[in-house]
Amino acid sequence: MIVHFSETSEELTSFFNQIFEEQYVQYFQEAKPKNQKKQVQFVVKDDAERILAAASCQQLYQTLKIENLAVDSVFQKQKFGSQLLDYIKDYARAHNILTLTLSTRSYQAKDFYLKQGFHIYGQLADVPFEGVTTYYFVYKL
């Protein structure tokens, strides 16, 4: 056996897809639905079209993972983050999404997400580096 370092390649993508397709069929006794993963973005702009807040999400089946959510520091504490999350929750309900997930770090927005009704389901100290804790959140719709 020889282990090699490899950059992302179409060959590996094909390999993973084949294995995961086989597992899906074995478990569910049906073909895995195609095109279940999609990127979704949300943005809050002012009248001058300046971005005040934004979120980038990945939808997979009935889960929406909030990969990035940020509010311009000038506009924080003005409810733009809350409005953005409310809109994301409404979108999720309208698209039959059952779960929102996200992660944040100890120097970011842990308390904000708790106030928004998210629950911590895990945390890792010293991740991604020493002195920082990463929190993993879930919101059930």
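Reminder that position 88 of the sequence shown reads as 87 in numbering that gives the first Met the number 0, one-by-one numbering, no gaps. Don't be surprised by glycine CBs; every beta carbon is placed ideally from N, CA and C. On a predicted model such as this, the values are computed, not experimentally measured, just so you know.
Runs of the alpha helix (DSSP H) lying entirely within the segment 51-120 and spanning at least 4 residues, in chain order: 79-93, 109-114. Here the alpha carbons of D45 and S55 stand approximately 18 Å from one another. In the DSSP assignment, T132 falls within the beta strand (DSSP E) that extends over 132-139.
Scanning its chain for C-beta atoms nearer than 7 Å, with the 5 sequence neighbours on each side dropped, one finds around K37 the residues Q58, in chain order.
Collapsing the DSSP output to three states places Q35 in coil. For the 9 Å CB-CB criterion, T98 and Q61 form a contact. Contact between the segment 126-136 and the segment 97-113 is present: three or more C-beta pairs spanning the two stretches fall below 8 Å. Beta-bridge pairing by DSSP links V43 to A52. For Q28, the three-state secondary structure derived from DSSP is coil. Partner residues in the beta bridge of L123, as assigned by DSSP, are T133.
With 16 or more other Cβ atoms from the protein chains shown falling within 10 Å of its own Cβ, Y112 counts as buried.
A check of alpha carbon separations from S72 across A52, I87, K88, L83 identifies A52 as the nearest.
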